[in-house]
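Everything below concerns the one structure shown next.
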Amino acid sequence: SLKMASDSPESLMTLCTDYCLRNLEGTLCYLLDNETLRLHPDIFLPSEICDKLVNEYVELVKTDSIFEPHESFFTLFSDPRSTRLARIHLQEQIVQDQDLEAIRKQDLVELYLTNCEKLTAKSLQTLVSFSHTLISLSLFGCCNIFYEEENPGGCEDDCLVNPTRQVLVKDFTFEGFSRLRFLNLGRLIEGVNVETLLRPLASLAALDLSGIQLNDVGFLTQWKDSLVSLVLYNMDLSEEHIQVIAQLCKLRHLDISRDHLSSYYKFKLTRRVLNLFVENLANLTSLDISGHTMLENCTIPSMEEKMGQTSIEPAKSSIAPFRGLKRPLQFLGLFETSLCRLTHIPAYKVSGDKNEEQVLNAIEAYTEHRPEITSRAINLLFDIARIERCSQLLRALQLVITALKCHKDDKNIQVTGSAALFYLTNSEYRMEQSVKLRRQVIQVVLNGMESYQEVTVQRNCCLTLCNFSIPDELEFQYRRVNELLLNILNQSRQDESIQRIAVHLCNALVCQVDNDHKEAVGKMGFVMTMLKLIQKKLADKTCDQVMEFSWSALWNITDETPDNCEMFLNYSGMKLFLECLKEFPEKQELHRNMLGLLGNVAEVKELRPQLMTSQFISVFSNLLESKADGIEVSYNACGVLSHIMFDGPEAWGICEPHREEVVKRMWAAIQSWDINSRRNINYRSFEPILRLLPQGISPVSQHWATWALYNLVSVYPDKYCPLLIKEGGIPLLKDMIRMASARQETKEMAR
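Going left to right, the sequence shown walks through residues 1 to 751 as UniProt numbering numbers them.
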């Protein structure tokens with residue numbers, strides 16, 4: 001079912017929501033006074049649509065760097081007569097006091113505020129507006145919502161330094177929230193009296209007090225007939241806590257897990273505590289004791305433990321206290337405990353570190369609110385993907401993508417997640433992944449590159465991109481990926497390995513793409529960036545992969561793109577060409593790449609006069625004799641000269657070398673090449689070659705062009721015969737055979 005889910009297209013609802021949010025002005029809204037968004041007066045939307053608009057908006061602001069947030073977005077939902085909200089999930093810095101204030105007339109049933117650090121006590125007052133309808137509320141990680149700003153009376157000098165002091169609000173309670181059943185106060189700020197805050201609530205069903213230290217939780221018993229879910233993650237427990245929990249007989253979900261790295265806990269789990277839970281909490285279906293140290297051995301003898309088929313039946317449980325369970329638990333959290341490695345665990349789903357299934361369960365369970373645990377679980381997944389083979393690939397990928405999106409600013413998750421992605425997207429898993437899923441991977445990788453200048457993340461992200469077919473799979477983010485790579489290459493201090501991968505990617509991105517893409521990338525500063533890299537390498541006297549890839553990238557980006565050829569000349573590209581030739585006379589690959597690029601420049605009539613200097617023509621003529629890279633260097637040098645000759649004797653504005661002498665050397669070079677040479681070159685179009693056929697001004701150019709076509713169609717007929725026919729080469733060759741000025745051997749070859 002996962003495969004089907006990842007493959008199915010987005011629903012029409014999702015597509016429309018996304019479209020409207022990206023085009024608010026053209027769809028639901030108009031701009032008042034050129035700045036404020038206003039809803040069109042004839043629009044009436046039910047809560048099913050409004051909830052989705054708000055929740056998707058928050059997602060987009062959080063995960064899509066190109067999406068622009070709107071100051072006045074929440075005011076679109078200020079009037080319940082035209083827009084209804086019921087269930088909304090707001091996160092992080094995206095929401096501020098005035099946003100909640102804007103929707104205060106709505107009858108909200110569910111409001112999740114997660115890590116909304118900008119909300120202050122003003123928003124507590126706004127919450128009261130929802131008190132008569134709210135059933136579910138989360139204030140997880142809203143660390144400032146109990147603070148208000150106090151202006152000190154009579155402004156002294158210190159006013160200027162600190163005009164507002166933050167003061168803890170002590171008098172707020174949930175008085176009047178008569179329908180509230182589900183409440184998450186995770187990571188609530190110290191100093192707030194939780195007991196007083198909660199006392200007015202008549203019948204709580206679920207309460208999350210993660211990360212709050214309470215010495216006395218006796219007040220919880222007031223909900224012993226209604227509380228079905230209790231989360232006390234990272235609370236330092238004591239015997240008193242355990243006694244209170246044992247009285248909450250309706251509990252179905254209990255989480256007393258902890259992060260064993262975060263601080264010292266006195267409390268240790270014992271056999272007696274687990275027995276107490278099993279005996280008293282008869283309805284328990286989910287228990288999390290991750291991160292706890294067992295004070296005594298709770299396991300059955302190892303001989304018995306190893307026997308028989310793995311079983312989830314409580315009667316066979318390897319953990320002795322759980323033999324008292326009436327039925328297997330739906331979920332048992334054992335992450336970072338020794339118990340997860342036992343054979344018989346009485347639960348359908350177990351989080352732990354024993355195998356892939358347990359690790360994936362851990363990532364799934366802890367991603368939203370516990371990044372500190374999730375990053376360690378993803379690290380385990382990374383090892384599994386790297387050393388063994390993932391059996392639940394799609395699930396693993398989707399969980400890592402979700403974690404990376406959810407915690408864009410968490411360095412640990414970005415480092416481990418981007419590393420795991422590299423192994424999860426490599427070629428052996430390729431077949432199992434849909435286009436949609438692979439696109440999601442690319443999106444989170446680019447988000448990571450954008451938010452993190454950190455070397456490891458940048459390297460992992462670049463390496464992961466290398467697992468994709470380039471440019472095809474990156475086409476949908478073409479501009480963005482190029483901008484990010486150029487950004488990496490333009491940084492003053494650079495990591496060698498990242499530089500190498502980034503140049504390789506840049507090169508691949510401009511290979512085999514349309515000219516408008518090349519022009520766009522040229523305008524982003526691509527040519528300049530590559531020339532700077534070449535300059536740096538020249539100064540260090542090193543000719544490595546970065547040097548070769550940079551020239552190769554310039555060769556690709558100038559192909560049939562005159563603007564980029566001109567940039568190459570304007571930024572002293574020819575000077576660098578000569579210096580590289582002189583510094584690295586033996587580097588064949590380099591010579592081939594440089595001459596391929598100059599071949600592109602020579603195809604542009606307006607730029608050829610800039611190549612017409614004694615120095616350049618001598619260099620090209622000497623390279624005719626080069627044996628570097630088979631015939632490639634000699635062939636490209638001859639191509640450059642063929643285009644120059646095509647402009648006729650009157651364009652030859654130099655005394656040395658003589659035109660006739662160069663022509664002679666060109667004939668000699670062409671005659672020395674093996675007509676069956678296999679080639680290191682890739683033509684997307686024959687147009688620049690074909691234009692040298694119908695002319696009598698330079699027979700040698702005509703011969704070079706005919707040789708080139710003959711070689712390509714005879715060595716690679718399947719690829720190049722159709723291209724020759726499609727681009728009208730046949731009539732041009734026939735006409736040339738009838739031309740008096742054409743040389744006999746050229747006509748023979750043309751026939």
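Ideal placement from N, C-alpha and C gives every residue a C-beta, glycine not left out.
query: Beta-bridge pairing of Thr114 - partner residues as DSSP gives them; result: Gln91
query: Identity of the residues DSSP links to Asn184 by a beta bridge; result: Ser138 and Asp208
query: C-beta atoms of Asn507 and Glu560 nearer than 7 Å; result: no
query: Which residues DSSP lists as bridging Met294, in chain order; result: Leu269
query: Distance between Glu727 and Glu687 (C-alpha atoms, nearest Å); result: 7 Å
query: Terminal residues of the alpha helix (DSSP H) in which Cys390 lies; result: Note, Cys390: premise wrong, no alpha helix (DSSP H); not H, not E.
query: Burial state of Arg258, where buried means 16 or more other Cβ atoms lie within 10 Å; result: buried
query: Neighbourhood of Gly218 by C-beta distance below 7 Å, restricted to the same chain and skipping five residues each side; result: Val244
query: Nearest neighbour of Gln702, chosen from Thr746, Arg684 and Ser714 [CA to CA]; result: Thr746
query: Burial state of Leu12 (16 or more Cβ within 10 Å); result: exposed
query: C-alpha gap between Ala282 and Glu357, whole angstroms; result: 27 Å
query: First and last residue of the uninterrupted beta strand (DSSP E) at Lys349; result: Ala347 to Ser351
query: Phe476, buried or exposed, once every other Cβ within 10 Å from all chains shown has been counted against 16; result: exposed
query: CA-to-CA distance, Ala420 to Leu380, given in whole angstroms; result: 9 Å
query: Beta-carbon proximity check, Gln91 vs Thr114, cutoff 7 Å; result: yes
query: The alpha helix (DSSP H) enclosing Gln458, as first and last residue numbers; result: Val455 to Leu465
query: Length of the line joining the Cα atoms of Phe526 and Ala602; result: 20 Å
query: Proximity winner among Pro585, Arg500, Ser572 and Leu569, relative to Gln545 (alpha-carbon distances); result: Arg500
query: Span separating the alpha-carbon of Asn460 from that of Leu446; result: 11 Å
query: Distance CB(Phe146)-CB(Leu168) smaller than 7 Å; result: yes
query: Inter-residue spacing [alpha-carbon to alpha-carbon] between Ala385 and Glu428; result: 11 Å
query: Separation of Glu175 from Ser136, as counted between CA atoms; result: 15 Å
query: Beta-carbon proximity list for Ser253, same chain, < 6 Å, skipping 5 on both sides; result: It should be pointed out that residue 253 corresponds to His in this sequence rather than to Ser. So the qualifying residues of the chain are Ser229 and Ser286.
query: Pick from Leu576, Met567, His504 and Asp563 that is closest to Phe549, judged by C-alpha positions; result: His504
query: CB of Phe335 within 7 Å of CB of Ser263, strictly; result: no
query: Whole-angstrom distance between Met612 and Gln695, CA atom to CA atom; result: 21 Å
query: Cutoff 7 Å; reference Leu486; Cβ partners in own chain excluding five residues on either side; result: Met524, Gly525, Phe526 and Thr529
query: Nonlocal neighbours in the same chain, by C-beta distance under 7 Å from Ser572, ignoring five residues either side; result: none
query: Residue from Leu641, Phe646, Gln671 and Ser672 with nearest C-alpha to Pro657; result: Leu641
query: For Phe331, the three-state DSSP class (helix, strand or coil); result: strand
query: Residue range of the beta strand (DSSP E) that includes Tyr30; result: Cys29 to Leu32
query: Extent of the continuous beta strand (DSSP E) to which Tyr147 belongs; result: Tyr147 to Glu150
query: Euclidean distance between Cα positions of Lys719 and Thr343; result: 59 Å
query: Start-to-end residues for the alpha helix (DSSP H) that takes in Gln671; result: Arg659 to Ser672
query: Under the three-state DSSP convention, the category Leu232 falls into; result: coil
query: Beta carbon of Asp629 nearer than 7 Å to that of Arg678; result: no
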